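S.K.: Going by the UniProt record's numbering, the first residue of the sequence shown is number 1, and it counts up by one from there. The beta carbon of each residue, even a glycine, is placed where N, CA and C say it ideally should be. None of these values were measured; they are calculated from a predicted model.
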Amino acid sequence: MSFSKSVMAMFKELDTDGSNKVSAAELATMLKEMGSSLDIKAVERLVKKFDANGDGELSLEELNIMLEGC
1 MSFSKSVMAM FKELDTDGSN KVSAAELATM LKEMGSSLDI KAVERLVKKF DANGDGELSL
61 EELNIMLEGC
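#1: Go to Thr29, then tell me how far its alpha helix (DSSP H) extends in each direction, as first and last residue.
#2: With distances taken from CA atoms, which of Glu13, Gly18, Ala28 is nearest Ala42?
#3: Taking just the CA atoms, how far does Asp55 sit from Ser19?
#4: How would you call Glu62, buried or exposed, if buried means at least 16 neighbouring beta carbons within 10 angstroms?
#5: Could you give the residue range of the alpha helix (DSSP H) that holds Lys5?
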(Lines of atoms letter the chains of each structure in order from A and count residues from 1; the text may use other names and numbers.)
(Lines give C-alpha, C1' and ligand atoms only; values in the text may rest on other atoms or scores of the structure.)
Protein backbone atom coordinates (compact mmCIF):
# COMPACT_ATOMS: atom_id res chain seq x y z
CA MET A 1 0.00 0.00 0.00
CA SER A 2 1.36 3.44 -0.89
CA PHE A 3 2.05 6.06 1.77
CA SER A 4 -0.83 8.27 0.61
CA LYS A 5 -3.28 5.35 0.69
CA SER A 6 -2.06 4.43 4.17
CA VAL A 7 -2.58 8.01 5.34
CA MET A 8 -6.07 8.07 3.83
CA ALA A 9 -6.97 4.81 5.60
CA MET A 10 -5.61 6.17 8.88
CA PHE A 11 -7.52 9.43 8.40
CA LYS A 12 -10.79 7.56 7.90
CA GLU A 13 -10.15 5.52 11.04
CA LEU A 14 -9.23 8.61 13.08
CA ASP A 15 -12.25 10.64 11.94
CA THR A 16 -14.70 8.88 14.24
CA ASP A 17 -17.36 11.62 14.05
CA GLY A 18 -17.39 11.79 10.24
CA SER A 19 -16.51 15.51 10.15
CA ASN A 20 -13.82 15.02 7.50
CA LYS A 21 -11.36 16.48 10.02
CA VAL A 22 -9.31 14.91 12.81
CA SER A 23 -9.57 16.57 16.19
CA ALA A 24 -6.95 16.44 18.92
CA ALA A 25 -9.33 14.25 20.94
CA GLU A 26 -9.70 11.76 18.08
CA LEU A 27 -5.94 11.64 17.57
CA ALA A 28 -5.29 11.32 21.32
CA THR A 29 -7.72 8.39 21.57
CA MET A 30 -5.95 6.46 18.83
CA LEU A 31 -2.50 7.26 20.19
CA LYS A 32 -3.57 6.04 23.63
CA GLU A 33 -4.93 2.82 22.10
CA MET A 34 -1.52 2.36 20.45
CA GLY A 35 0.23 2.69 23.82
CA SER A 36 1.33 6.32 23.63
CA SER A 37 1.74 8.24 26.87
CA LEU A 38 1.08 11.65 25.27
CA ASP A 39 -1.56 13.60 27.17
CA ILE A 40 -4.28 15.66 25.49
CA LYS A 41 -2.33 18.91 25.90
CA ALA A 42 0.66 17.45 24.02
CA VAL A 43 -1.62 16.19 21.25
CA GLU A 44 -3.32 19.60 21.05
CA ARG A 45 0.11 21.22 20.58
CA LEU A 46 0.93 18.70 17.85
CA VAL A 47 -2.34 19.40 16.04
CA LYS A 48 -1.79 23.16 16.36
CA LYS A 49 1.68 22.84 14.83
CA PHE A 50 0.34 21.18 11.66
CA ASP A 51 -3.05 22.94 11.48
CA ALA A 52 -2.26 25.19 8.50
CA ASN A 53 -5.71 26.79 8.25
CA GLY A 54 -6.11 27.36 12.00
CA ASP A 55 -9.45 25.59 12.41
CA GLY A 56 -8.20 23.49 15.34
CA GLU A 57 -8.40 20.19 13.48
CA LEU A 58 -6.37 18.32 10.88
CA SER A 59 -7.53 17.86 7.31
CA LEU A 60 -6.30 14.89 5.28
CA GLU A 61 -3.62 17.11 3.72
CA GLU A 62 -2.49 18.44 7.11
CA LEU A 63 -2.32 14.91 8.56
CA ASN A 64 -0.30 13.80 5.55
CA ILE A 65 2.19 16.64 6.08
CA MET A 66 2.43 15.80 9.78
CA LEU A 67 3.14 12.13 9.09
CA GLU A 68 5.68 12.90 6.37
CA GLY A 69 7.63 14.85 8.98
CA CYS A 70 7.81 11.92 11.38
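M.R.: So, to answer that:
#1: Here residue 29 refers to the residue found at position 29 when the sequence shown is read from its first residue. Note, Thr29: alpha helix (DSSP H), 24-33.
#2: In the sequence shown, residue 42 corresponds to position 42, counting from 1. Comparing Cα-Cα distances from Ala42 to each of Glu13, Gly18, Ala28, the minimum goes to Ala28.
#3: By one-based count along the sequence shown, residue 19 stands at place 19. By one-based count along the sequence shown, residue 55 stands at place 55. The C-alpha of Ser19 lies about 13 Å from the C-alpha of Asp55.
#4: By 1-based counting over the sequence shown, the position of residue 62 is 62. With 16 or more other Cβ atoms within 10 Å, it is buried.
#5: Residue mapping note: residue 5 aligns to position 5 of the sequence shown, counting from 1. If you look at Lys5, you'll find it in the alpha helix (DSSP H) that goes 3-14.
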